[in-house]
Every structure is written in C-alpha cells, then in structure tokens.
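Residue numbers (the working numbering): 113 to 199.
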C-alpha cells in the first residue's frame, strides 16, 4: 500500500512559496520521490538493525541510513531537521 504525502507537500509549498501552485503531475512526481526515499531509508535501517542483531529500528539506524543514502550536505540538513523534530 503506497502512502500519499500530497497534503504535507502542499503545506510545505505554501509555507515556502505562498503564491505558488503545483500541478497534479508535479505532485505525483514529488509523492513518488518521497515514497522512494522513505523506502530506501527503511530498507537500509532494517539491514543495519539486522547486522546488530536488533529487532527494533531506532533513531540511530535511521540517522546512519540517511548518512549512507543522501549525499553530503543534504544528509547533514536532513539529520539536523530530524534531530530537531525528535528533541
């Protein structure tokens, strides 16, 4: 079952660019992108937990997965925002 992030994407767009709209096709592409990144991070985190013989994925596995999947500066920003959201 595929999740849809359209309402969240729209809310963020309105925060950043209040007078800008988004086409259905562009929304579908962004939705697909978010699902893809989510799946990559979840898969990597699952492998990391398995390597450590753990049955639970913690924020540490998520953070390590983000570092492995996202390039340089993007990973730094993602980790910074992720840390802010859980503390």
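Where is the CB? At the ideal position from N, CA and C, for every residue including glycine.
Excluding the 5 residues flanking it on each side, residue 122 has same chain C-beta neighbours closer than 8 angstroms at 134 and 139, in chain order.
In the same chain as residue 117, and ignoring 5 residues on each side of it, the C-beta atoms closer than 8 angstroms to its own belong to 142, 143, 146 and 147, in chain order. Apart from the 5 residues on each side of it in sequence, residue 157 sits with its Cβ closer than 8 angstroms to the Cβ of 169, 173, 174, 176 and 177 in its chain, given in chain order. Our two residues, residue 131 and residue 124, have alpha carbons roughly 12 angstroms apart in a direct line. Residue 182 and residue 190 do touch by the CB rule: their CB atoms are close to 6 angstroms apart, below 8 angstroms. DSSP, reduced to helix, strand and coil, places residue 117 outside both helices and strands of the structure shown, so it counts as coil. Exclusion of the five residues before and after residue 126 leaves no residue of its chain whose Cβ lies closer than 7 angstroms to its Cβ.
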